[in-house]
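K.L.:
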Amino acid sequence: MPPMDESRFERRRSETRQALVRAARRILAESGDTSASVQTIAQLADVGAGSFYNHFTSKPDLFAAALADALDEYTEAIDERLRFLDDPAERVAAGVRLSARVAESNPEIMRILCNCALVRIYASRGRLATSARRDVEQGIASGRFTVADPVVALYALNGGMLALLELSFTQPWLDRNKAAGNMAEMILHMLGLSREEARHTARRPLGDAA
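First residue of the sequence shown? That's 6 in my numbering, and the numbers climb one at a time after it.
Take a look at the structure:
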């Protein structure tokens, strides 16, 4: 049998890795339980168990990759809509509201974020964390936000976001867009905007859904 073409080999290797990442994402979304065996993960991915260590050094390595993959997808969906906004208050409010839309259009991502805890995610060095920190710091530097400590502000934002996402899943009959608008208003007021300005900023048109 002739040797496998290199491009074909790399393609199959990439497909195997992605299958493992998708399996890990499914586990994170369904339960957040990372104790599943390598054999179970491989079966869920429909690949050989022996191929696992061709791509990942350990289960924590795989689940970290799966979380990063979900975060990248989430961040792409949000950032594309925020890049035209200069006001950090508008960016924070729009990010909260768009997250509710992503929760509806792609519930797997939001379940992963809930199960993995947003505080840990925002404490990371990924794009999502970087963007959130930038908005908070710019808001404080410009005087738009009156909170003194950006770390405290960021953790408060974490809590509000996590509460909104959990609310989306535990009470799915609620109007998610309305709940997200209310949460965005509360967060902006907490960060220092007046009630009237927070209400106005949190309800500016977003256009089409994410």
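All C-beta atoms in this analysis are idealised placements derived from N, C-alpha and C, irrespective of residue type, glycine included.
Answer with buried or exposed for D140, where buried requires no fewer than 16 other C-beta atoms within 10 angstroms of its C-beta.
P.N.:
Per the 10 Å Cβ criterion, buried.
K.L.:
Label S173 either buried or exposed according to how many other C-beta atoms from any shown protein chain fall within 10 Å of its C-beta, with 16 as the threshold for buried.
P.N.:
With 16 or more other CB atoms across the displayed protein chains lying within 10 angstroms of its CB, S173 is buried.
K.L.:
Run through the segment 17 to 105 for me and flag every whole alpha helix (DSSP H) of 4 or more residues, listed as ranges in chain order.
P.N.:
43 to 50 and 64 to 87
K.L.:
Check whether the Cβ atoms of A189 and A161 sit closer than 8 Å, and answer yes or no.
P.N.:
no
K.L.:
Pull up the CB-CB distance for I117 and A75, whole angstroms please, since I reckon it's below 8 Å.
P.N.:
5 Å
K.L.:
With V101 and A82 assumed to form a contact (beta carbons below 8 Å), what rounded beta-carbon distance in angstroms separates them?
P.N.:
In fact, because the Cβ distance is near 14 Å, the residues do not count as touching under 8 Å.
K.L.:
Taking Q143 as part of the alpha helix (DSSP H), name the residues at either end of that continuous run.
P.N.:
Its alpha helix (DSSP H) spans residues R132 to S147.
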